[in-house]
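Asker:
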Amino acid sequence: MAAMHPLQLLKATSSSPFTTSSLLLRCPRYFNYFSKQPQSKPPLLRKFSSSPLLLFCSNSNQQIPQSSNDIAESESQSIVGDLLDYLNESWTQFHATAEAKRQLIAAGFDLLNENDDWDLKPGGRYFFTRNMSSLVAFAIGEKYSVGSGFHVIAAHTDSPCLKLKPKSASSKSGYQMVNVQTYGGGLWHTWFDRDLTVAGRVILKASDGSFVHKLVKVKRPLLRVPTLAIHLDRTVNKDGFKPNLENHLVPLLATKVEDSVDFKDKSNPQSSKAAHHPLLMKILSEELGCSVDEIMSIELNVCDTQPSCLGGGNNEFIFSGRLDNLASSYCALKALVASCELPGDLASEHAIRMVALFDNEEVGSDSVQGAGAPTMFQAMRRIVDCLSNGYLRESSFERAIRQSFLVSADMAHGVHPNFMDKHEEHHRPELQKGLVIKHNANQRYATSGVTAFLFKEIAKIHCLPTQEFVVRNDMGCGSTIGPILASGVGIRTVDCGIAQLSMHSVREICGKEDIDIAYKHFKAFYKTFSSIDKKLNVD
Numbered sequence: 001m002a003a004m005h006p007l008q009l010l011k012a013t014s015s016s017p018f019t020t021s022s023l024l025l026r027c028p029r030y031f032n033y034f035s036k037q038p039q040s041k042p043p044l045l046r047k048f049s050s051s052p053l054l055l056f057c058s059n060s061n062q063q064i065p066q067s068s069n070d071i072a073e074s075e076s077q078s079i080v081g082d083l084l085d086y087l088n089e090s091w092t093q094f095h096a097t098a099e100a101k102r103q104l105i106a107a108g109f110d111l112l113n114e115n116d117d118w119d120l121k122p123g124g125r126y127f128f129t130r131n132m133s134s135l136v137a138f139a140i141g142e143k144y145s146v147g148s149g150f151h152v153i154a155a156h157t158d159s160p161c162l163k164l165k166p167k168s169a170s171s172k173s174g175y176q177m178v179n180v181q182t183y184g185g186g187l188w189h190t191w192f193d194r195d196l197t198v199a200g201r202v203i204l205k206a207s208d209g210s211f212v213h214k215l216v217k218v219k220r221p222l223l224r225v226p227t228l229a230i231h232l233d234r235t236v237n238k239d240g241f242k243p244n245l246e247n248h249l250v251p252l253l254a255t256k257v258e259d260s261v262d263f264k265d266k267s268n269p270q271s272s273k274a275a276h277h278p279l280l281m282k283i284l285s286e287e288l289g290c291s292v293d294e295i296m297s298i299e300l301n302v303c304d305t306q307p308s309c310l311g312g313g314n315n316e317f318i319f320s321g322r323l324d325n326l327a328s329s330y331c332a333l334k335a336l337v338a339s340c341e342l343p344g345d346l347a348s349e350h351a352i353r354m355v356a357l358f359d360n361e362e363v364g365s366d367s368v369q370g371a372g373a374p375t376m377f378q379a380m381r382r383i384v385d386c387l388s389n390g391y392l393r394e395s396s397f398e399r400a401i402r403q404s405f406l407v408s409a410d411m412a413h414g415v416h417p418n419f420m421d422k423h424e425e426h427h428r429p430e431l432q433k434g435l436v437i438k439h440n441a442n443q444r445y446a447t448s449g450v451t452a453f454l455f456k457e458i459a460k461i462h463c464l465p466t467q468e469f470v471v472r473n474d475m476g477c478g479s480t481i482g483p484i485l486a487s488g489v490g491i492r493t494v495d496c497g498i499a500q501l502s503m504h505s506v507r508e509i510c511g512k513e514d515i516d517i518a519y520k521h522f523k524a525f526y527k528t529f530s531s532i533d534k535k536l537n538v539d
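Just so you know, the UniProt record's numbering puts 409 at position 409 of the sequence shown, and the rest follows in order with no gaps.
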């Protein structure tokens with residue numbers, strides 16, 4: 001269900017004309033909201049989903065006229081509600097990729113298989129997935145010619161989390177416990193005392209003997225990692241909370257040993273079912289609608305059950321897990337789809353517009369589905385080969401790379417009001433102030449003076465704000481997929497991101513306005529980069 005604005009609560013039963021004054025009399029809490037809008041026009045509302053935009057309060061049944069031309073175009077283009085829907089669907093990297101796949105198919109993109117021959121044509125829109133945790137989608141300009149470049153936005157689908165160990169079942173002091181591994185550099189203390197559950201994928205055995213890959217998500221609170229009471233740890237507030245991640249970060253599942261679940265492989269120590277609590281396997285089988293014996297393998301993340309939502313005094317923040325980096329992934333995906341959804345959108349395009357979403361960025365990207373694998377570059381070469389119609393000019397792929405440009409989109413560190421000294425004095429990105437361009441002289445980020453200029457020029461033309469970030473000289477600098485991809489084949493790259501707080505916490509925060517700014521910036525990149533790039537000659 002699409003995310004609802006607080007004003008979209010009930011369905012109107014009256015066609016009476018709407019007036020701002022009548023709403024304020026009934027709902028005084030919206031006074032500040034409407035006082036910001038021009039009073040000579042109907043009130044300006046943000047649209048969060050494709051459902052009808054209605055304005056209601058608890059004791060009003062009046063409706064806003066739907067055909068008003070005064071609703072600003074920028075408001076109608078807001079993707080914040082759609083992002084919330086995406087976040088609430090995407091509890092794992094597998095679910096994020098599956099939801100992206102669903103949206104691309106709905107938008108008319110053709111699904112490819114890496115194992116098959118490709119039949120591509122200028123003007124076509126295509127995508128493929130790998131491991132159901134990474135994805136590459138692209139739209140070919142109708143004026144494409146061999147050697148034309150790729151305009152790419154790359155992000156990642158994974159986030160720091162807890163993952164079940166291959167043998168997760170354990171018991172302590174009468175409790176059924178679930179053994180987990182830490183994935184990535186999470187703020188693990190934030191996972192304590194949260195309503196947790198599991199989600200991921202399983203391999204099922206079908207009745208004909210074949211195997212089926214399915215995703216699973218247990219939506220109810222299932223697990224919890226309790227903290228130790230202060231009465232038993234009197235110095236915790238003075239000395240700090242320093243849990244041992246092996247001994248103390250173990251979720252509780254239940255107290256009573258469940259003997260009612262029976263399966264054929266229970267006596268086989270090599271069985272995946274024998275490695276996990278029977279109760280957990282029973283819960284998974286109920287979610288999947290299968291028997292426990294049909295479950296051959298599981299790969300599960302521990303997930304927080306609290307939904308993503310708007311927050312803050314003016315609903316200006318997004319409170320959610322996995323903003324790093326699903327917020328960037330969704331803005332990029334949405335921008336690609338929007339940049340080629342109308343019949344003429346690719347008519348004058350010579351380049352290929354692409355989105356690449358990778359897994360395993362949080363642990364270094366060195367996997368078959370990570371940015372360290374040649375997935376994207378192999379796809380680029382296949383596209384060039386396929387569109388050459390059997391006639392490859394000298395170094396066609398290499399020339400295409402020289403004309404290509406990559407936007408590496410990963411979340412950025414917004415300045416923390418309680419820890420401002422952690423930021424370099426003149427580079428303190430703020431929430432709601434636009435995309436942050438990341439710089440590092442030691443190439444922890446791939447941005448150069450040229451690539452930063454080109455990306456900022458797009459923003460300048462479209463009146464979009466940008467910010468700059470460099471880390472302090474007395475602090476280490478993180479990195480992302482930008483340098484990995486830039487050095488892979490020598491593609492020009494800019495590293496950027498949406499400013500956020502609480503990065504790698506179980507619950508993060510970013511600015512609502514920055515989501516729409518990022519979406520517009522990425523969309524403008526696809527639509528205008530070709531015309532801007534040809535104006536600059538460096539070599």
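For each residue, glycine too, the CB sits at the ideal point set by N, CA and C.
Compute the distance between the beta-carbons of I481 and A154, then report whether it is under 8 angstroms.
Answerer: Walking along the sequence shown from the start, residue 481 turns up at place 481. Walking along the sequence shown from the start, residue 154 turns up at place 154. Contact flag set, yes.
Asker: Can you tell which of I532, S531, N537 and K523 has the C-alpha that lies nearest to the C-alpha of S78?
Answerer: Residue numbering aside, residue 78 sits at position 78 when the sequence shown is read from its first letter. When only C-alpha atoms are compared, the closest one is K523.
Asker: For the beta strand (DSSP E) that C477 lies in, which residues bound it at each end?
Answerer: As a first step, residue 477 must be located in the sequence shown, where it is residue number 477. Segment: none, C477 is in no beta strand (DSSP E) and carries neither H nor E.
Asker: Do you know how far the Cα of S133 is from the Cα of A486?
Answerer: For the purposes of this step, residue 486 is taken as the residue at position 486 of the sequence shown. For the purposes of this step, residue 133 is taken as the residue at position 133 of the sequence shown. Rounded to whole angstroms, A486 to S133 spans 22 angstroms at the Cα level.
Asker: Whole angstroms are fine: how far does the CA of V225 sit from the CA of L164?
Answerer: Position 164 of the sequence shown, counted from the first residue, corresponds to residue 164. Position 225 of the sequence shown, counted from the first residue, corresponds to residue 225. Roughly 14 angstroms separates the two Cα atoms.
Asker: If distances are taken between C-alpha atoms only, which option among M296, G289, D474 and F109 comes closest to A274?
Answerer: Position 274 of the sequence shown, counting from 1, holds the residue named residue 274. Per the Cα distances, M296.
Asker: So within the segment 271-331, which uninterrupted beta strand (DSSP E) runs reach at least 3 residues, ignoring any that extend past its ends?
Answerer: The qualifying runs are 295-304, 309-311 and 317-320.
Asker: For the pair the segment 459-467 and the segment 516-531, tell me if three or more CB-CB distances fall below 8 angstroms.
Answerer: Yes, the segment 459-467 is in contact with the segment 516-531.
Asker: I'd like to check one pair, I509 with residue 598: are the Cβ atoms closer than 8 angstroms?
Answerer: The structure shown does not extend to residue 598, since the chain spans only 1 to 539, so no value can be given for it.
Asker: Taking the DSSP output, what are the residues bridged to D239?
Answerer: Here residue 239 corresponds to residue number 239 of the sequence shown, with the count starting at 1. In DSSP, D239 forms no bridge with anything.
Asker: Put M376 into one of helix, strand or coil per three-state DSSP.
Answerer: As a working note, residue 376 is residue 376 in the sequence shown. Three-state result, M376: helix.
Asker: P343: buried (16+ other C-beta within 10 angstroms of its C-beta) or exposed?
Answerer: In the sequence shown, counting from the first residue as 1, residue 343 sits at position 343. With fewer than 16 Cβ atoms within 10 Å of its Cβ, P343 is classed as exposed.
Asker: Determine the DSSP secondary structure at I352, reduced to helix, strand or coil.
Answerer: In the sequence shown, residue 352 corresponds to position 352, counting from 1. If DSSP states are grouped into helix, strand and coil, I352 belongs with the strands.
Asker: Going by DSSP, what residues sit across from R201 in a beta bridge?
Answerer: Sequence index remark: in the sequence shown, residue 201 carries index 201 (1-based). BP columns for R201 point to L215 and E299.
Asker: Tell me the rounded alpha-carbon separation between F405 and R381.
Answerer: Counting from 1 along the sequence shown, the entry for residue 405 is found at position 405. Counting from 1 along the sequence shown, the entry for residue 381 is found at position 381. Roughly 15 angstroms between the two C-alpha positions.
Asker: How far does the beta strand (DSSP E) with K520 in it extend, from its first residue to its last?
Answerer: The residue given as residue 520 occupies position 520 in the sequence shown. Careful: K520 lies outside any beta strand (DSSP E), inside the alpha helix (DSSP H) at K512 to D533.
Asker: On the premise that L249 lies in contact with P243, defined as a C-beta separation below 8 angstroms, what is that separation, rounded to the nearest angstrom?
Answerer: As a working mapping, residue 243 is identified with position 243 in the sequence shown. As a working mapping, residue 249 is identified with position 249 in the sequence shown. With a Cβ gap of about 6 angstroms, P243 and L249 count as contacting.
Asker: Please report how far the alpha carbon of T235 lies from the alpha carbon of W188, in whole angstroms.
Answerer: Within the sequence shown, residue 235 is the residue found at index 235, counting from 1. Within the sequence shown, residue 188 is the residue found at index 188, counting from 1. Each residue's Cα considered, the two are about 20 angstroms apart.
Asker: Could you check the C-alpha separation between S530 and E142 for me, to the nearest Å?
Answerer: Position 530 of the sequence shown holds residue 530. Position 142 of the sequence shown holds residue 142. Near 14 angstroms, if we compare the C-alpha coordinates of E142 and S530.
Asker: Grab me the residues of K121's own chain with a C-beta within less than 6 angstroms of its C-beta, minus the 5 sequence neighbours each way, in chain order.
Answerer: Residue 121 sits at position 121 when you count from the first residue of the sequence shown. If we look at K121 and ignore the five residues flanking it on each side, it has no Cβ neighbours.
Asker: Roughly how far, in whole angstroms, is the beta-carbon of D326 from the beta-carbon of S90, given that I think they are within contact range, below 8 angstroms?
Answerer: Taking the first residue of the sequence shown as position 1, residue 326 is located at position 326. Taking the first residue of the sequence shown as position 1, residue 90 is located at position 90. For clarity, residue 326 is Leu in the given sequence; the question names Asp instead. Right, their Cβ atoms sit about 6 angstroms apart.
Asker: Classify S40: buried if its beta carbon has 16 or more other beta carbons within 10 angstroms, exposed otherwise.
Answerer: Here the question's residue 40 lines up with position 40 in the sequence shown. Since pLDDT at S40 reaches only 41, below the 50 mark, its modelled position is unreliable, and the value read off the structure follows with that caveat. Looking at its Cβ environment, which holds fewer than 16 other Cβ atoms inside 10 Å, S40 is exposed.
Asker: When DSSP builds the beta bridges, which residues end up paired with N86?
Answerer: As a position in the sequence shown, residue 86 is number 86, starting the count at 1. The question names Asn, yet the displayed sequence has Tyr at residue 86. Per DSSP, none; premise fails for Y86.
Asker: Does the Cβ of N115 have 16 or more other Cβ atoms within 10 Å, making it buried, or fewer, making it exposed?
Answerer: To locate residue 115, count along the sequence shown from 1; it is residue 115. Per the 10 Å Cβ criterion, exposed.
Asker: Determine the DSSP secondary structure at R381, reduced to helix, strand or coil.
Answerer: For the purposes of this step, residue 381 is taken as the residue at position 381 of the sequence shown. Of the three classes helix, strand and coil, the one that applies to R381 here is helix, per DSSP.
Asker: Taking the beta strand (DSSP E) that G497 falls in, what are its first and last residues?
Answerer: Looking up residue 497 in the sequence shown gives position 497. R492 to G497 is the extent of the beta strand (DSSP E) around G497.
Asker: Give the range of the alpha helix (DSSP H) segment to which V136 is assigned.
Answerer: If you number the sequence shown from 1, residue 136 lands on position 136. Note, V136: premise wrong, no alpha helix (DSSP H); beta strand (DSSP E) at S134 to I140.
Asker: Judging by CA-CA distance, which residue of F128, P160 and I458 is the nearest neighbour of L435?
Answerer: Counting from one through the sequence shown, the residue named residue 435 turns up at place 435. L435 has its Cα closest to that of I458, out of F128, P160 and I458.
Asker: Kindly indicate which residue of N418, S285, L104 and Y445 has the alpha-carbon position closest to the one of A409.
Answerer: On the sequence shown, position 409 is the one that residue 409 refers to. Among N418, S285, L104 and Y445, the Cα nearest to that of A409 is on Y445.
Asker: Are there three or more Cβ pairs, one per stretch, closer than 8 angstroms when the segment 195-208 is compared with the segment 290-307?
Answerer: With the cut-off at 8 angstroms, the segment 195-208 and the segment 290-307 touch.
Asker: Helix, strand or coil: which one does DSSP assign to R428?
Answerer: Residue numbering aside, residue 428 sits at position 428 when the sequence shown is read from its first letter. It is coil, neither helix nor strand.
Asker: According to DSSP, simplified to helix, strand and coil, what is D539?
Answerer: Counting from 1 along the sequence shown, the entry for residue 539 is found at position 539. Here D539 sits in coil by DSSP.
Asker: Apart from the five residues just before and just after P221, which ones in its own chain have a Cβ nearer than 8 angstroms to its Cβ?
Answerer: The residue labelled residue 221 in the question sits at position 221 within the sequence shown. Hits under 8 angstroms: D195, L196, T197 and T305.
Asker: Using a 10 Å radius around the Cβ and a threshold of 16 neighbouring Cβ atoms, would you call A373 buried or exposed?
Answerer: In the sequence shown, the residue the question calls residue 373 occupies position 373. When all chains shown are included, A373 counts as buried.
Asker: What are the residues that DSSP puts in a beta bridge with M420?
Answerer: Along the sequence shown, one-based indexing puts residue 420 at 420. According to DSSP, M420 bridges with nothing at all.
Asker: Excluding the 5 residues preceding and the 5 following H350 in the sequence, name in chain order all residues of the same chain whose CB lies nearer than 7 angstroms to its CB.
Answerer: As a working note, residue 350 is residue 350 in the sequence shown. Excluding positions up to five away in sequence, the list reads G141, K143, Y144, S145, S148 and S530.
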